[in-house]
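Q: Read left to right, the sequence shown gives residues 1 to 1163 (the UniProt record's numbering).
One structure coming up, written as structure tokens, with questions to follow.
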Amino acid sequence: MPENESKALLAAGTPDQYWRGDETWQTLDKNAVGLSQVDNTSDAAKPVSTATQTALNGKAAANHTHVIADIIGLQNVLTGLQQQIDALAPAPATLIVSAGADQAINLPVSNTNLTATAVQGIANSWLWEQVTGPINNGVNYDRLSYTHNPARTFTILPDAQGRALLNFTSGGYQPGDLILLKGTFKSVGFENFQGTLANPIFVQNVEGEVVTIGEESWNGGSYAAALNLSNCKHMIVWGTDVNSFLLKGSLAVPAREAYKNIICEMYTDNVRIAYLTSTGGGTPIWCKKEVVLADTNSWGTSKRLENIRIDNCIIHDNYNEGMYIGHTAPYWDTQAPGTGAPYYPNVGEVPDPVRYKVPIRINNVRIHHCLLYNIGGDGIQVAGSDDVKIYNNEIRNHASRNVWSDNGGIIWGGVTNWEITNNYIHDSWGDLLQCYASSSGVIKNNLLVRGQNEGISLRVEGPQTVTIEDNTIADVHSSCVRVNGFRGGTAPVLLNRNILAKWQNVRAVYVENGGAVTEGTNANANTEQATLTGLDVNNYYLPASGVNGFRIGTEIIGIGSNTGAVIVSPNSQNTAVTGLIKGTYTFKVTGTPSTGSPASDTVNVVVNDAVVIVPPTANAGVDQTTGSTTVTLNGAGSTTPNGTIQSYLWEKVSGPAAGVITNATAVSTTVTGLTTGVYVFRLTVTDSIGQTASDTVQITKQAVTASQWFSSGGPNNNVYDTATNSKCWIYLPAGYDPAAAEKLPAIIFLHGDGGMGTDINNVLETGLPQLINAGQAMNSVVICPQAAFEHTAASVKKAYDYLLANFNVDPNRISGTGLSSGAGGIATFIIAYPSLLTSYILSSIPANNMVANAATIKDIPGMIVVGLADTQIGVQGSNIAPIDALVAQQPFFPPLTRLVFGGGHNAELWNGKLYNKATAGFDFEKDILQMHSKNKEQEATFFVVRAETSSDYNDYLEAVRVVGNLTASSTKTALQTRLATVYTNITPAGTRRVWLDFGSSAQPVTGNFNKITNTANNGAATTGLIDATGAVTGLSFKPQSTQWDTLMPGLAASYKGLPTFVYADGRRLYGFNDWRIQGANNSKKYDIRFLYCYKTDNTSAEFGFKATIGGNTIFTHDDNYNTLFHIEMLNVSPVAGEIVMQLEGRGGANDSAIMAILLTEKD
């Protein structure tokens, strides 16, 4: 019982009453207190005496007070206990809510589910709200948001004449001001308003009100524009929505032709016009700077206007063009009557610069998300501009006046760097797209339908490349695409993956006046059909399969009327959201508990474009016609947007029974054993997500024209020098065709002293002519001119001229080679004519001037071969010294070298070590001479093909280096893509490469190489080795024993695609050496490649070495100055995490040098 209630009961009772347990007051009598026999009475009810009664009253009062006090005390105890219990209990939990994880969906899915949870506490109610998201006033285009300074906000009302003429300076305006137009104006003018990029000046309607500008009754005179921006910079003119900013142009005939609803004149630029509606008038939006002869800024290339952007506008029912942007005339005749006249020069004409001025151009034009309809002339016209992008616009019923000279839905000319994409143009009398192309550009992903003339009318001027791809062009009354080469437009227009349907002309693609079109094949093929079968004319002519045709998704372009995202159940814990469009949304959920504060959380929903799985593109290469029994198939041009090509499969589809595919699963493979006939081979590629594609290539094997080798009966009976009547041997390879489009490489071979004289058969004494005479096949045309006494630069030039004049050879691929005095003749020739030969190989050169002329000939790729035992020529002065001099020039292709131990001045060297392809250890023609071309893109292609064919890492590195040296071009990009494929193919999962570069710290490494400077006997290990990607491997190099640790000089040049420092120096290998790789993975295999080069002019010692690993031994060549060969041990298995390399000099000198080791770890 609460204490206050106890005190109230105490006050309510009488002195002779007490409070009983049944919660009633009872009278206290003598029996109740044990006094029934007091005062000589046995009557319990009988009143007692006065004295007794007084005693009883005192007793009752004391008892009454004691009971109440006990109750109050008990209640106080209970209250204290409750407070202790409450203190021990936890406080009510603070509410924490979660809106769930961020989401991403792909169109066409436009809905998702949002789920909230109470992470802590209990929420009695929920509320979902959208915080941010794309605005649907214009599809997929977020409206910018600015916070304006109220102190810099100006509301402008029309004056008594219904106009407002504002001047930046006299009006006291500043950058960043907000100018609100309120009411109905006949015209509004802004003069010299100068905003900045960071603080543009804004012009718009009052929020919630409509502003109308224009004079529909205008019939000539002043104020020929509704809204005039004169010499203004960095302004944004827009409405709060398209229905709140209205421009109404003149409707008076014929004056309306001269009326402009918006004009940007003088030097107005950096302007955005958006979210408004324009109707009537002549030209709704007009923007350019007229030429004024006295104003030098108004013509020439020293000045240009920048950044014109028009978006989310509705334009309709006007007389002229919907938009007129930039000068249409390339020149302005300043001497024509009045203010001048446009001038269009003839092809090749250079106008007089005094009279004819070039109007200034506009840079960066963007027009998008606009709706134009009932346009009297061209819909959107852009000229005299650079960097032009016109996209996501809808145009219908343009050229409503049916004037041929003013009938393009979108028309552009004299523009550069242009893209016309994702526009919807339909139901019009004029051409749907009309282009005067004086530069390259792209027309992509447009829907062009129901036109009364051309779908695309393209007039190409000059050698421009125009690409038309992924468009749907249908139901037109002329051609879908018309290409006119009227001003020298000879470059083929590229037509890929378009849907061309139901045209009225004789063909879907019409070409005239020297124009040219290249239509895509296979995955890039166009779909041409004379009917609309399969196209839903009521749904944007969909479906369009994959990337072929208009739109990957179904986005509606132009001004949209979407209601935006809809939260279906905003007061529920979980809700669906519908109506999503492309963009990023943020939704907030708020939970409210019964007591305490609400809690909120947000979730992002990203809506992406539709995911279209685009299959790979297989490229089996170009069709080939050959007389050879062997052909190379190359699928390296295959591509995929889905990662990488994972597998290749070559199959023979048709043809003679002969023909064996060497490696059916390689990127590039040969087919051998071809017989006469036509073969078709199919390549199937599979990419990293399992998508496949196929392509075929046709190989026509002609009846073999046998090789020819003759010294008479050729042009001029093989006399190449009529002054001396000197003749030559000529070799024509099998299949040589004098009329073939593909010209062959050629080799000029010069004989030594033994071939001199007038007997042409002396030339066959030794070297290459001897081998050809014995049946060695060549791929090149070979000329072997005979000299009577010596080879001079003049005599070699005559042989060169004879070769070019009489045989189908490529002037970019003519090489020279010679032995002895013939090598001297080639050296003399390249010094005199350094631009003629592509490459050279010189063997056993006598005295020459190469050292003195090293700077002249350094850029000609070459090779020098000499026998170290040759006593007839100066090995050091005539052969080694030129090598050193050329290396010192640091050419891109340093000279290759082969200094052969024991080699003399004889056929054993020239034939056995150089020209004989079966014994030399390399193919001098294919591996050296034919790798080069004066056409650098062609040369780079040869290196890429070699890397693709060999799958060798050093070949790959060299190709990367050569391609990297090209200037930027589409060819370079394509070659780099092919090399990326090569790297993927030669670097399967589990592969890593480690370079050990031996030498001194004076040649520091760059890139991911490990410098090994310590090979001392039982020297310290070099730890922390990194691989070719820079990752630490856990491997170490340990010189267990070294017989003689010395630094050895090398050739400071780039060989085998490696940096200069690799071959610049090395470490000595003398006697027996035990070097080890530690920390190897026992479950892996290792390939170990040794690069060696002993730079010494010692001619009497054998300087090779041998390597023994795991009981297997390999040997190097005994060459000094070796830059040609390397040796390699494959599939080495570590033992207890260690690879032991026993390296030992193999010759009498017991000496060699090692430049680098490449360690390849693989599964």
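Just so it is clear, CB atoms sit at the ideal spot from N, CA and C, and this is done for glycine as well.
Cα separation between LEU1143 and THR1023?
A: Within the sequence shown, the letter at position 1143 stands for residue 1143. Within the sequence shown, the letter at position 1023 stands for residue 1023. Taking the straight line from one Cα to the other gives about 21 Å.
Q: What is the DSSP secondary structure of ASN773, counted as helix, strand or coil?
A: Taking the sequence shown and counting its residues from 1, the one referred to as residue 773 is at position 773. ASN773 falls in the helix class under three-state DSSP.
Q: Ordered along the chain, which non-local residues of its own chain (more than five positions away) have a Cβ less than 6 Å from that of VAL962?
A: By one-based count along the sequence shown, residue 962 stands at place 962. Same-chain partners within the cutoff: ALA940, PHE943.
Q: Below 8 Å, can you find three or more Cβ-Cβ pairs linking the stretch 191 to 198 to the stretch 171 to 179?
A: Segments in contact, yes.
Q: May I ask which residues mark the beginning and end of the beta strand (DSSP E) holding TRP286?
A: Here residue 286 refers to the residue found at position 286 when the sequence shown is read from its first residue. Start and end: 283 to 287.
Q: Let's see if you can read the secondary structure: which residues bound the beta strand (DSSP E) around ASN312?
A: The count along the sequence shown starts at 1 and reaches residue 312 at position 312. Run containing ASN312: none; DSSP gives neither H nor E here.
Q: Give the secondary structure of PHE245 by DSSP, where H, G and I count as helix, E and B as strand, and everything else as coil.
A: For this step, residue 245 is matched to residue 245 along the sequence shown. Of the three classes helix, strand and coil, the one that applies to PHE245 here is strand, per DSSP.
Q: Once you ignore the five residues that flank residue 1170 on each side, which residues in its own chain have a CB closer than 7 Å to its CB?
A: Outside the modelled stretch of the chain, which goes from 1 to 1163, sits residue 1170, for which no answer is possible.
Q: Can you list, in chain order, the residues of its chain whose CB lies under 6 Å from that of ASN806, leaving out five sequence neighbours each side?
A: Locating residue 806 in the sequence shown gives position 806, counting from the first residue. For ASN806, where only same-chain residues beyond five positions count, the Cβ hits under 6 Å are PRO715.
Q: Taking 7 Å as the threshold (C-beta atoms), are PRO891 and LYS936 in contact?
A: By one-based count along the sequence shown, residue 936 stands at place 936. By one-based count along the sequence shown, residue 891 stands at place 891. Not in contact: LYS936 and PRO891 (Cβ atoms no closer than 7 Å).
Q: Roughly how many angstroms lie between the CA atoms of ASN604 and SER125, to the nearest whole one?
A: Sequence index remark: in the sequence shown, residue 604 carries index 604 (1-based). Sequence index remark: in the sequence shown, residue 125 carries index 125 (1-based). Each residue's Cα considered, the two are about 22 Å apart.
Q: PHE233 bridges to which residues according to DSSP?
A: Here residue 233 is taken as the residue at index 233 of the sequence shown, counted from 1. At residue 233 the sequence reads Lys, which differs from the Phe that was named. BP columns for LYS233 point to GLN194, ASP269.
Q: Please work out which residues of its chain come closer than 6 Å, Cβ to Cβ, to LEU35, disregarding the five sequence neighbours upstream and downstream, and give them in chain order.
A: The residue labelled residue 35 in the question sits at position 35 within the sequence shown. With a pLDDT of only 49 at LEU35, under the threshold of 50, the placement of this residue in the model should not be trusted, and no figure is reported.
Q: Is it buried or exposed for ASN270, if we count other Cβ within 10 angstroms and need 16 for buried?
A: For the purposes of this step, residue 270 is taken as the residue at position 270 of the sequence shown. Result: buried.
Q: Work out the CA separation of VAL614 and ILE581 for me, nearest whole Å.
A: Along the sequence shown, one-based indexing puts residue 581 at 581. Along the sequence shown, one-based indexing puts residue 614 at 614. Computed Cα separation, rounded: 23 Å.
Q: Could you give the distance in angstroms between the alpha-carbon of VAL109 and the alpha-carbon of ILE567?
A: Sequence index remark: in the sequence shown, residue 109 carries index 109 (1-based). Sequence index remark: in the sequence shown, residue 567 carries index 567 (1-based). For VAL109 and ILE567, the distance between alpha carbons rounds to 16 Å.
Q: Please state whether the Cβ-Cβ distance between LEU744 and GLN708 is less than 7 Å.
A: Here residue 744 is taken as the residue at index 744 of the sequence shown, counted from 1. Here residue 708 is taken as the residue at index 708 of the sequence shown, counted from 1. No, the Cβ-Cβ distance between LEU744 and GLN708 is not below 7 Å.
Q: How do the stretch 306 to 318 and the stretch 328 to 337 stand: do at least 3 beta-carbon pairs fall below 8 Å, yes or no?
A: No: the two stretches stay apart, fewer than three of their Cβ pairs being nearer than 8 Å.
Q: Indicate the three-state DSSP secondary structure (helix, strand or coil) for VAL347 in the structure shown.
A: The residue labelled residue 347 in the question sits at position 347 within the sequence shown. Three-state result, VAL347: coil.
Q: Taking the alpha carbon of PRO386 as the point to measure from, which residue in ARG361, ASN392, ARG401, GLY379 has its own alpha carbon closest?
A: The sequence position of residue 386 within the sequence shown is 386, counting from 1. Position check: residue 386 holds Asp in this sequence, whereas Pro was assumed. Residue ARG361 is the option with its Cα nearest to ASP386.
Q: Should TRP404 be labelled buried (16 or more other beta-carbon atoms within 10 Å of its own) or exposed?
A: Taking the first residue of the sequence shown as position 1, residue 404 is located at position 404. The residue is exposed, with fewer than 16 neighbouring Cβ atoms inside 10 Å.
Q: Are the CB atoms of GLY183 and LEU165 within a distance shorter than 7 Å?
A: Residue 165 sits at position 165 when you count from the first residue of the sequence shown. Residue 183 sits at position 183 when you count from the first residue of the sequence shown. In this structure, GLY183 does not lie closer than 7 Å to LEU165 by Cβ.
Q: Per DSSP, which one or two residues make a beta bridge with ASN634?
A: As a first step, residue 634 must be located in the sequence shown, where it is residue number 634. For ASN634, which the question treats as bridged, DSSP gives the partners SER668.
Q: Between ASP687 and THR640, which are expected to be in contact by the criterion C-beta below 8 Å, what is the C-beta distance as a whole number of angstroms?
A: Taking the first residue of the sequence shown as position 1, residue 687 is located at position 687. Taking the first residue of the sequence shown as position 1, residue 640 is located at position 640. The Cβ separation is near 4 Å, so the contact holds.
Q: Return the first residue and the last residue of the alpha helix (DSSP H) that TRP910 is part of.
A: The sequence position of residue 910 within the sequence shown is 910, counting from 1. That run of the alpha helix (DSSP H) goes 907 to 910.
Q: With respect to the beta strand (DSSP E) encompassing ARG1067, which residues constitute its N-terminal and C-terminal limits?
A: Mapped onto the sequence shown, residue 1067 falls at position 1067. Its beta strand (DSSP E) spans residues 1065 to 1070.
Q: Which class does SER1041 belong to by DSSP, given the choice of helix, strand or coil?
A: Stepping through the sequence shown from its first residue, residue 1041 is reached at position 1041. In this structure, SER1041 counts as strand in the three-state DSSP scheme.
Q: Quick check: the stretch 230 to 243 against the stretch 265 to 285, are there 3 or more CB pairs under 8 Å?
A: Cβ pair count under 8 Å is three or more, so yes.
Q: Quick check: what's the CA-CA separation for ALA847 versus GLY824?
A: The residue you call residue 847 lines up with position 847 of the sequence shown. The residue you call residue 824 lines up with position 824 of the sequence shown. The alpha-carbon atoms of ALA847 and GLY824 are separated by roughly 7 Å.
Q: Select from ILE645, GLY904, ILE883, ALA740 the residue whose C-alpha is nearest the C-alpha of THR1123.
A: Start at 1 with the first residue of the sequence shown, and residue 1123 comes out as number 1123. Looking at the Cα atoms, ILE883 is the closest of the given residues.
Q: Can you tell which of ASP695, THR590, LEU750 has its C-alpha closest to the C-alpha of VAL119?
A: The count along the sequence shown starts at 1 and reaches residue 119 at position 119. The shortest Cα separation from VAL119 among ASP695, THR590, LEU750 belongs to THR590.
Q: Quick check: does the Cβ of ILE748 come within less than 6 Å of any heavy atom belonging to the ligand SAM?
A: No copy of the ligand SAM appears in this structure; indeed no ligand is present at all.
Q: Please state the DSSP three-state secondary structure of TYR540.
A: The residue labelled residue 540 in the question sits at position 540 within the sequence shown. It is coil, neither helix nor strand.
Q: Quick one: using the 10 Å Cβ neighbour count with 16 as the cut-off for buried, is GLU790 buried or exposed?
A: Mapped onto the sequence shown, residue 790 falls at position 790. By the neighbour-count rule (16 or more Cβ atoms within 10 Å), GLU790 is not buried but exposed.
Q: Just confirm the distance between the C-beta atoms of ARG1067 and PHE998, as a whole number of angstroms; I'd bet it's less than 8 Å.
A: Mapped onto the sequence shown, residue 1067 falls at position 1067. Mapped onto the sequence shown, residue 998 falls at position 998. Their Cβ separation, rounded to whole angstroms, is 4 Å, which keeps ARG1067 and PHE998 in contact under 8 Å.
Q: According to the Cβ coordinates, are VAL851 and ALA888 closer than 7 Å?
A: As a working mapping, residue 851 is identified with position 851 in the sequence shown. As a working mapping, residue 888 is identified with position 888 in the sequence shown. No, Cβ-Cβ distance for VAL851 and ALA888 is not below 7 Å.
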